[in-house]
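Undergrad: So in the numbering used here, the last one in the sequence shown is 400, and the numbering has no gaps at all. Ideal placement from N, C-alpha and C gives every residue a C-beta, glycine not left out. Sending over a structure as structure tokens; questions will come in a sec.
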Amino acid sequence: MTTEKKIFKKIAQSKKARAGVITTAHGEIETPIFMPVGTRASVKTMWQEELEEMNAQIILGNTYHLYLRPGHELIEKVGAGLHGFMKWDRAILTDSGGYQVFSLSSMNKVTEEGVTFQSHLDGSRHLISPEKSMEIQRALGSDIVMNFDECPALPATKDRLRESMELTLRWAKRCRDYQLKDHQNLFGIIQGGLHHDLRTECMERLKEMNFEGFALGGLSVGEKNEEMVSFLDNFVHTMPEDKPRYLMGVGKPLDILNGIRAGIDMFDCVLPTRNARNGQFLTKGGPLNIKKERFKEDLLPPDPECNCKVCRKYSRAYIRHLFTVGEYLAGNMITYHNLYFYLQMTRDAREAIKADKFDEFYSSFYNSYTSNMW
Ligand SMILES: CCNc1nc2cc3[nH]c(NC)nc3cc2c(=O)[nH]1
Ligand SMILES: [Zn+2]
Numbered sequence: 027m028t029t030e031k032k033i034f035k036k037i038a039q040s041k042k043a044r045a046g047v048i049t050t051a052h053g054e055i056e057t058p059i060f061m062p063v064g065t066r067a068s069v070k071t072m073w074q075e076e077l078e079e080m081n082a083q084i085i086l087g088n089t090y091h092l093y094l095r096p097g098h099e100l101i102e103k104v105g106a107g108l109h110g111f112m113k114w115d116r117a118i119l120t121d122s123g124g125y126q127v128f129s130l131s132s133m134n135k136v137t138e139e140g141v142t143f144q145s146h147l148d149g150s151r152h153l154i155s156p157e158k159s160m161e162i163q164r165a166l167g168s169d170i171v172m173n174f175d176e177c178p179a180l181p182a183t184k185d186r187l188r189e190s191m192e193l194t195l196r197w198a199k200r201c202r203d204y205q206l207k208d209h210q211n212l213f214g215i216i217q218g219g220l221h222h223d224l225r226t227e228c229m230e231r232l233k234e235m236n237f238e239g240f241a242l243g244g245l246s247v248g249e250k251n252e253e254m255v256s257f258l259d260n261f262v263h264t265m266p267e268d269k270p271r272y273l274m275g276v277g278k279p280l281d282i283l284n285g286i287r288a289g290i291d292m293f294d295c296v297l298p299t300r301n302a303r304n305g306q307f308l309t310k311g312g313p314l315n316i317k318k319e320r321f322k323e324d325l326l327p328p329d330p331e332c333n334c335k336v337c338r339k340y341s342r343a344y345i346r347h348l349f350t351v352g353e354y355l356a357g358n359m360i361t362y363h364n365l366y367f368y369l370q371m372t373r374d375a376r377e378a379i380k381a382d383k384f385d386e387f388y389s390s391f392y393n394s395y396t397s398n399m400w
């Protein structure tokens, strides 16, 4: 029987929104928290020092990518794990690889054993099983390890969703039975589509396996936004109070606030980093695309309300120029601001929860963000 590790402490509640602390071997994580995505051992265009100065407390690494290149054995051999390899001494969460196989590899086949796939790099064939996923994440030494699950393709019938959920539960047991390193925490992943009964059954059966935290899978995969939001409002508060709740792959700023309002603690999304490279600044007044002609001589900072080192010094005109001529610095500056914006938004949400004023915070942010000022 796995002894239960308690890593989460709730410190405040404001209706269903909560603020807490997750304790890991690589430091404390103040929730609600946004996790910058560091796919291949790098949060694209960011130095680790820049992530530290904006006070990122946890980043995400992708098992699928790191397994293919440079390989988890190399990372364990030369870096004693991902922390040493990339010189990041704060917390790391690794995903389990299954979801990315479906989004990246050309051929993939699901069996009881696991998922067979062809590498998107050289077409070589591989099998990722629950045990293989745990072996990779053990070698990476992440503080939070994600279960190997199946994220069913949508649209799906209820029978298909149940079948997929049952497979995810059998794989969850195999992950739990795998011996990870002492400092590592294992999170279960709740599947079941938008069916409250399937989701509740999945959660109850996962609770018997003593995971240190729970994630919601199978969302932000093409369902209507209002379907996701109403599902969250009805389900999240039924998840265990005393364990971290992680909504995978979410999301846009307002989706994160909807998740926090429903009781979610942890978020990850590629949007702030990916859209940055396409010239999109996320600001209090809504998205701003720096490519627009009207910013050509605009000496305002990207987000006049932002206190990040980019907005404190540089103008829209300058960054528009950098982007237009293709200077790499543009990607770094826009990414830096966007991650700072996400981290600051979750910090502000946390303060609002501690003051029991989250609803007021939500309304004010919503009105400003949807004003589409730019
Ligand atoms: C941890 C790997 N498993 C796993 N990752 C996911 C990542 C997602 N990312 C998004 N939207 C961008 N939905 C997701 C669902 C899952 C899911 O159901 N499972
Ligand atoms: Zn800024």
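For the 8 Å Cβ check, are there 3 or more pairs between the stretch 238-258 and the stretch 272-286?
TA: As far as the Cβ criterion goes, the stretch 238-258 touches the stretch 272-286, which means the pair count is three or higher.
Undergrad: Let me know the alpha helix (DSSP H) ranges lying completely inside the stretch 369-397, each 4 residues or longer, listed in chain order.
TA: Listed in chain order, the complete alpha helix (DSSP H) runs (minimum 4 residues) inside the stretch 369-397 are 384-395.
Undergrad: Please classify V296 as buried or exposed, where buried requires at least 16 neighbouring CB atoms within 10 angstroms.
TA: V296 should be labelled exposed.
Undergrad: How would you write the range of the beta strand (DSSP E) that Y272 sits in, first residue to last?
TA: Note, Y272: beta strand (DSSP E), R271 to L273.
Undergrad: Taking the alpha helix (DSSP H) that G105 belongs to, which residues open and close that run?
TA: Counting along the chain, the alpha helix (DSSP H) containing G105 begins and ends at H98 to G105.
Undergrad: Would the stretch 46-65 count as touching the stretch 322-334 if we require 3 or more Cβ pairs under 8 Å?
TA: Segments in contact, no.
Undergrad: What residues come near ligand 2, if near means a beta carbon less than 6 Å from any of its heavy atoms?
TA: Having a Cβ closer than 6 Å to some heavy atom of ligand 2 are P328, D329, C332, C334, V336, C337, H363 and Y366.
Undergrad: Would the C-beta of G357 count as close to ligand 1, meaning under 7 Å from any of its heavy atoms?
TA: Checking every heavy atom of ligand 1 against the Cβ of G357, none is found closer than 7 Å.
Undergrad: My understanding is that T57 touches M292, with C-beta atoms under 8 Å, so please give their C-beta distance in whole angstroms.
TA: T57 to M292, Cβ: 6 Å. Contact.
Undergrad: Return helix, strand or coil for R66, following the three-state DSSP convention.
TA: Note: R66 maps to coil in three-state DSSP.
Undergrad: Counting pairs of Cβ atoms below 8 Å between the stretch 377-392 and the stretch 96-105, do you hit three or more?
TA: Output reads no: the stretch 96-105 does not touch the stretch 377-392.
Undergrad: Based on DSSP bridge pairs, tell me the residues matched to T142.
TA: K135 and L153, per the DSSP bridge assignment.
Undergrad: Measure the Cβ-Cβ separation of R225 and I216 and say whether it is below 8 Å.
TA: Yes, they are a contact pair.
Undergrad: Can you determine whether any heavy atom of ligand 1 sits closer than 7 Å to the C-beta of V127, and answer yes or no?
TA: No; taking the cut-off as 7 Å, the Cβ of V127 has no heavy atom of ligand 1 nearer than that.
Undergrad: Tell me the DSSP secondary structure of G357 in three-state form.
TA: Three-state DSSP puts G357 in a helix.
Undergrad: Could you name the residues of the same chain whose beta carbon sits closer than 7 Å to that of G105, not counting the 5 residues immediately before and after it, in chain order?
TA: So the qualifying residues of the chain are F111.
Undergrad: Closest to E22 by C-alpha separation, out of Y362, R300, H152 and M172, would be which residue?
TA: The question about residue 22 has no answer here: the residues shown for the chain are numbered 27 through 400.
Undergrad: How would you call A198, buried or exposed, if buried means at least 16 neighbouring beta carbons within 10 angstroms?
TA: By the 10 Å Cβ count, A198 comes out buried.
Undergrad: Relative to the C-alpha of R303, which residue among V141, G352, L166 and E267 is closest?
TA: Closest by alpha carbon: G352.
Undergrad: Per DSSP, what kind of secondary structure is Q39 in: helix, strand or coil?
TA: Correct three-state label for Q39: strand.
Undergrad: If we ignore side chains and look at the alpha-carbon of each, how far apart do M72 and K233 end up?
TA: Each residue's Cα considered, the two are about 37 Å apart.
Undergrad: Should C177 be counted as a contact of ligand 1 given a C-beta to heavy atom distance under 7 Å?
TA: Checking the Cβ of C177 against ligand 1 gives yes.
Undergrad: Mind pulling the alpha helix (DSSP H) runs of 4 or more residues that sit fully within the stretch 245-298?
TA: You should have 251-261 and 279-288.
Undergrad: Using three-state DSSP, classify M19 as helix, strand or coil.
TA: Given a span of 27 to 400 for the chain in the structure shown, any question on residue 19 remains unanswerable.
Undergrad: Should I118 be listed as close to ligand 3, given that the test is whether its C-beta is under 7 Å from any heavy atom?
TA: Summarising the ligand content, the structure contains ligand 1 and ligand 2 and does not contain ligand 3.
Undergrad: Alpha carbon to alpha carbon, how far is M371 from F128? Give it in angstroms, no decimals.
TA: Each residue's alpha carbon lies about 31 Å from the other.
Undergrad: Please report the distance separating the alpha-carbon of M27 from that of L212.
TA: Below a pLDDT of 50, predicted positions are generally treated as unreliable, and M27, at 49, falls in that range; no measurement from the model is reported.
Undergrad: Helix, strand or coil, according to DSSP, for M235 in the structure here?
TA: Three-state DSSP puts M235 in coil, outside helix and strand.
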